[in-house]
Amino acid sequence: MSDLGSETITRRKSVGVMVGDVQVGGDAPIVVQSMTNTDTADIDKTVGQVAELWRAGSEIVRITVDRDEAAAAVPHIRDRLMAMNINVPLVGDFHYIGHKLLADHPACAEALAKYRINPGNVGFKAKRDTQFSQMIEIANQNDKPVRIGVNWGSLDQELLTKLMDENAERETPWSAARVQREAIIQSALMSAARAEELGMGRNKILLSTKVSNVQHLIDVYTDLAQRCDYGLHLGLTEAGMGAKGIVASSAALGILLQRGIGDTIRISLTPEPGGDRTLEVQVAQQLLQTMGFRQFLPVVTACPGCGRTTSTVFQELAKDIQDHLNDSMPKWREQYPGVEGLNVAVMGCIVNGPGESKHADIGISLPGTGETPAAPVFIDGQKAKTLRGPNIANEFKVMVADYIEKRFGG
Ligand code: SF4
């Protein structure tokens, strides 16, 4: 069942994998993860961004390990984070020369909590098996898990061609999309089977099969989920920027999560130039929270506003309260256990305001246009006070702080 006791979602059973101190799969809650976009060789910048992502709530952070300088930087990045009391598992993202980097940089192999291996990018033919095996052996020696991450953009072309040829022989050939899906799934499952042959435990293997098309992603993971019990990492690859990336990722992952599929998620958003990398973490958290899987932040229930809210007081207060809760959460999380379950309502007029405010832990119903300039505040369903005058916002914030102290303090 979902962590909040949904009656409609039964999560698929998967083998749990420890990534550092964070469990993915098994009976663990769905884990939020993210990836840096700094040059890993730039230790200062990478430490800074990993810390930002972690503070935003990323429970695992992946970093690119693409060359010697990056591999050499990894243990220093881990040490610097530990010195800042940030014990976030770091995942190394390897392509093409991962086997060599891990062999040449044992401190990197030790510092990482997991290796991401892309079977389409570990050499060709005989070399592929050698290089893949080498990475698995190093993972085994260091007792590290791996994610076998197949990506449509770098799918093993040899396997695809073989399956296309086999398909041509079928009496009723499959569609090209189905053959491609089969190639992605087989690439992941065959690589996992090979890892097991090399002595890797099932509790050390996670799989992902990312594509960039929403419908294909839903199909490929639905199929994969039925064919194995490995923990699954979900993500729509190359989701895009802004609203498009958020909607596409949420639509695809939301449907899979609703089917009980997925043990960890990453939202692959392209940031705006100079944009905030932590947006991908916020979206992942909001997706899990709005679907009722986990609670990360207090919820502000705010109505959309309409012709009855012609002043900006209502929008300003809703934003002010949301920002105040978000900014205070890093401190409150420690100080007030359970505060992430708080529900605050900020409503714009008498139509739905008192009703919605009564359902929240603490709610305010602001006066709409033409209404008496008074704002009743409801606490645990009872009218507690009516605020008036120019300081409504600040007075309400004080009441929220008092409520949190009384309910979650001590
Ligand atoms: S609660 Fe009032 S202000 Fe808000 S959307 Fe409904 S009618 Fe409009």
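Counting from 84, one number per residue, gives the positions in the sequence shown under our numbering.
Note that CB positions come from ideal geometry on N, CA and C, so glycine has one too.
Predicted model only: the values in this text are computed from it and were never measured.
Beta-carbon spacing of residue i, residue j below 8 angstroms
| i | j | result |
| --- | --- | --- |
| Leu242 | Ser216 | no |
| Arg199 | Arg230 | yes |
| Leu315 | Gly337 | no |
| Gly328 | Thr353 | yes |
| Leu164 | Ala134 | yes |
| Ile268 | Val294 | no |
| Val427 | Ile288 | no |
| Asp312 | Lys468 | no |
| Leu340 | Ile301 | no |
| Ile146 | Gly109 | no |
| His182 | Gln214 | yes |
| Met247 | Val262 | yes |
| Ile322 | Ile350 | Residue 322 is actually Ala in this sequence, not Ile. Going by C-beta atoms, Ala322 is nearer than 8 angstroms to Ile350. |
| Ala194 | Arg150 | no |
| Gly446 | Phe461 | yes |
| Asn225 | Val98 | no |
| Val297 | Ala259 | no |
| Trp137 | Ile92 | no |
| Leu307 | Leu290 | yes |
| Gln365 | Ala166 | no |
| Gln132 | Arg360 | yes |
| Met283 | Ile219 | yes |
| Val434 | Gln405 | no |
Neighbourhood of residue i by C-beta, 8 angstroms cutoff - its chain only, sequence neighbours within 5 removed
| i | result |
| --- | --- |
| Gly492 | Gln418, Tyr419 |
| Leu449 | Thr392, Val396, Phe397, Leu400, Val429, Met430, Gly431, Cys432, Gly436, Ala458, Ile475 |
| Leu380 | Gln368, Gln372, Leu408, Asn409, Met412, Glu423 |
| Glu355 | Met324, Gly325 |
| Thr320 | Asn234, Trp235, Gly236, Lys293, Val294, Ser295, Ser351 |
| Cys191 | Val148, Ala154, Ala155, Val157, Pro158, Gly175, Leu184, Leu185 |
| Phe208 | Note on residue identity: the sequence assigns Lys, not Phe, to residue 208. Only Glu241 meet the Cβ criterion. |
| Asp444 | Leu425, Asn426, Val427, Ile462, Asp463, Tyr486, Arg490 |
| Arg471 | Pro456, Ala457, Ala458 |
| Trp257 | Asn250, Glu265 |
beta-carbon residue i near the ligand HEM non-hydrogen atom, thresh 7 angstroms
| i | result |
| --- | --- |
| Val460 | Among the ligands modelled here, namely the ligand SF4, the ligand HEM does not occur. |
Own chain, CB closer than 7 angstroms to residue i, minus 5 neighbours either side, in chain order
| i | result |
| --- | --- |
| Lys489 | none |
| Val105 | Val114, Glu142, Ile143, Pro172 |
| Gly103 | Pro172, Ala196 |
| Ser237 | Asn201, Gly203, Asn204 |
| Arg377 | Asp86, Pro112, Ile113, Leu371 |
| Arg277 | Phe215 |
| Arg211 | Val205 |
| Gly88 | Confidence at Gly88 is low in this model, with a pLDDT of 48, below 50, so its placement is unreliable and the value that follows should be read with caution. Hits under 7 angstroms: none found. |
| Ala440 | The sequence given here has Ser at residue 440, not Ala. Within the same chain, Ser440 has close Cβ partners Ala428, Met430, Gly446, Ile447, Ser448, Phe461. |
Residues of its chain near residue i, where Cβ-Cβ distance is below 6 angstroms and the 5 sequence neighbours each way are ignored
| i | result |
| --- | --- |
| Lys128 | Thr121 |
| Ala222 | Tyr198, Val229 |
| Arg94 | Gly343 |
| Met118 | Arg145 |
| Val481 | none |
| Ala385 | Ala401, Val429 |
| Gly206 | Gln214 |
| Ser332 | Leu319, Ala322, Ile350 |
| Met84 | Its pLDDT being 32, under 50, Met84 is placed unreliably in this model, and the coordinates cannot settle the point. |
Residues bridged to residue i [DSSP beta-bridge criterion]
| i | result |
| --- | --- |
| Met101 | Gln106 |
| Thr292 | Val233 |
| Val144 | Ser117, Leu173 |
| Ala428 | Thr384, Gly446 |
| Phe461 | Gly446, Lys466 |
| Lys183 | Answer is none; Lys183 lacks a bridge partner. |
| Tyr198 | Gly175, Val229 |
| Thr353 | Met324 |
| Gly314 | Leu289 |
| Ile348 | Val115, Leu317 |
Short CB-CB distance (under 8 angstroms) between residue i and chain D
| i | result |
| --- | --- |
| Arg416 | No chain D appears in this structure, which consists of one protein chain only. |
Self-check item: Environment of the ligand SF4 in chain order, Cβ to heavy atom below 6 angstroms
Solution: Cys386, Pro387, Gly388, Cys389, Arg391, Thr392, Met430, Gly431, Cys432, Val434, Asn435, Gly436, Gly451
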